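Note sheet for the following structure.
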Ligand code: SAH
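Residue numbers (the numbering used here): 4 to 400.
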C-alpha cells in the first residue's frame, strides 16, 4: 500500500509553489503511514498527487519533499543524480579560485532536505538533519562513493536540530580514514586555514563566511581592528593580509583562539600585531566602552541568537546591544561589519535593529555593502528560508 497524506483544502498552495515542507496542521488525513523517514505521497484535497516526501512523525514539519513528481523512486540513483548535480554547480567556483573546500550540498536548496555535505580537501563531512536523509543514509553513502571514489566520509550529525526530528546525536567515520586532528584547506587567493573536522564547530569551519572574510581585507590598511566572535581567526587573517596595524580577537573558546594563533603563523602573517582575548564579547565591549578604547574597524559575527521564532525578540535585543556598543567604540569614519546568521531574522529586520543601535549610540552611518552567504550556500527560489546569513558594512561618521 502507498503511504498517503491528504492535505486540507487550500493548504496545498505552498507545495504547488514548490516549497518543500508539509506542516502537521496542513494535514487532513493519512493512511498506511510508513516508518519514520520513509516515503509518503502527498495529495491535495481533491486527491491529486503533488509530491513524494519523507515522513517525519516527530517534527512539526511532518514531511519534506524529495520530488514534485510523485512517482519518483527515492534510491541510490536518485541521490547520485541530485548530489552530482549540486557538485557540478560548485566545480566552476572551485576550479577558478583554487579553493580546496566547499559546501557540496546545501539541504533543501539543493533538493535534498535535511542533508548538508561539506568537502574539505578529500574529506566529505555529512550532517544529517532530517528523518528522511537519515532513513536513506546508506543510499547517500553509496552515491557519494561513486561520485567521489577517492574521498573519505565522516559524519558530524551532532547538531541539536536533530532532536526536533527525533534523531540522536552521532559522529564518526562512515567510510575511509579518520580525519587527522587538523587539516589545512585553502580559500580566497591561497589563505591557509586549519580545520578540525572531528571537533570544530558545525562541520569544522564556517564556509558560508568565505567571501565576507575576503571583503574585509580592503578596509584594514593601517587600521586597528576588533574581531568579535573570532572563532579560529578567519576575519583576522584577512585584516592582517590587508596590513592592519593591530588586531584583537575575542572569543569564549580558548581552543579556537589557539588555532587562530597558529593560522596566523601558517600564513606568514605577523603575530606581533595580534591579541587573543578569551572573553565574553558582551562583557568585553562594555569594558572597552568604560575604558574609552577606540577602533577603526569592528567585525561582529555572533552565533545564531534566535533558534526559533519565539526567541526572536530576545535575539533582537542581543544584536542591538552588541551593535550599539561596537558603534560607540568606533573612531570617526570607522567601519562596522556586522552579521546575523539567524534564519528567523529577516534582512529588513536586521537592518532596522542595526539602525536603532546606531541611533542609541548617537552615531550616523551609511550602509556601503550588503553581504550574504557564499555562492556554495545557494537559496532555492521557492525556499526563502535558505537565506540565513545577512551582513552589513557600515561606514560610521
Ligand atoms: N567569524 C568566524 C565564525 C564565528 S562563529 C569565522 O569566520 O570563522 C561564532 C563564535 O562565537 C564561536 O567561535 C563561539 O565560540 C563564539 N561565541 C559564542 N558566544 C560568545 C560570547 N558570548 N562571547 C564570545 N564569543 C562567543
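Cβ coordinates follow ideal geometry from the N, Cα and C atoms, glycine included. Source: prediction; values computed, not measured.
{"query": "Reference residue 264; option with closest CA among 237, 288, 246", "result": "237"}
{"query": "Whole-Å CB distance - residue 298 paired with residue 333, under 8 Å assumed", "result": "6 Å"}
{"query": "Minimum C-alpha distance to residue 200 - residue among 169, 165, 120", "result": "120"}
{"query": "Three-state secondary structure (DSSP) of residue 144", "result": "helix"}
{"query": "Whole-number beta carbon distance between residue 185 and residue 197, since they are thought to touch under 8 Å", "result": "5 Å"}
{"query": "The region 243 to 257 in contact with the region 273 to 288 per 3-pair CB rule at 8 Å", "result": "yes"}
{"query": "Proximity test, residue 12 beta-carbon vs the ligand SAH heavy atom, cut-off 7 Å", "result": "no"}
{"query": "Heavy atom of the ligand SAH within 7 Å of residue 308 beta-carbon", "result": "no"}
{"query": "Residue 369 CB to nearest heavy atom of the ligand SAH below 7 Å", "result": "no"}
{"query": "Stretch-stretch touch, CB-based, cutoff 8 Å, three pairs: the region 8 to 22 with the region 41 to 53", "result": "yes"}
{"query": "Beta strand (DSSP E) segment containing residue 155, residue limits", "result": "155 to 160"}
{"query": "Minimum C-alpha distance to residue 370 - residue among 340, 161, 349", "result": "340"}
{"query": "Nearest-angstrom beta carbon gap, residue 85 and residue 115 [assumed within contact, 8 Å]", "result": "5 Å"}
{"query": "Unbroken stretches of the alpha helix (DSSP H), 4 residues or longer, contained in the region 218 to 265", "result": "237 to 244"}
{"query": "Option nearest residue 169 by Cα separation, candidates 300, 194, 134", "result": "134"}
{"query": "Inter-residue spacing [alpha-carbon to alpha-carbon] between residue 195 and residue 286", "result": "31 Å"}
{"query": "Identity of the residues DSSP links to residue 363 by a beta bridge", "result": "DSSP, once it has assigned bridges, lists no residue as partnering residue 363."}
{"query": "Of the residues 71, 382, 244, the one placed nearest residue 113, counting alpha carbons only", "result": "382"}
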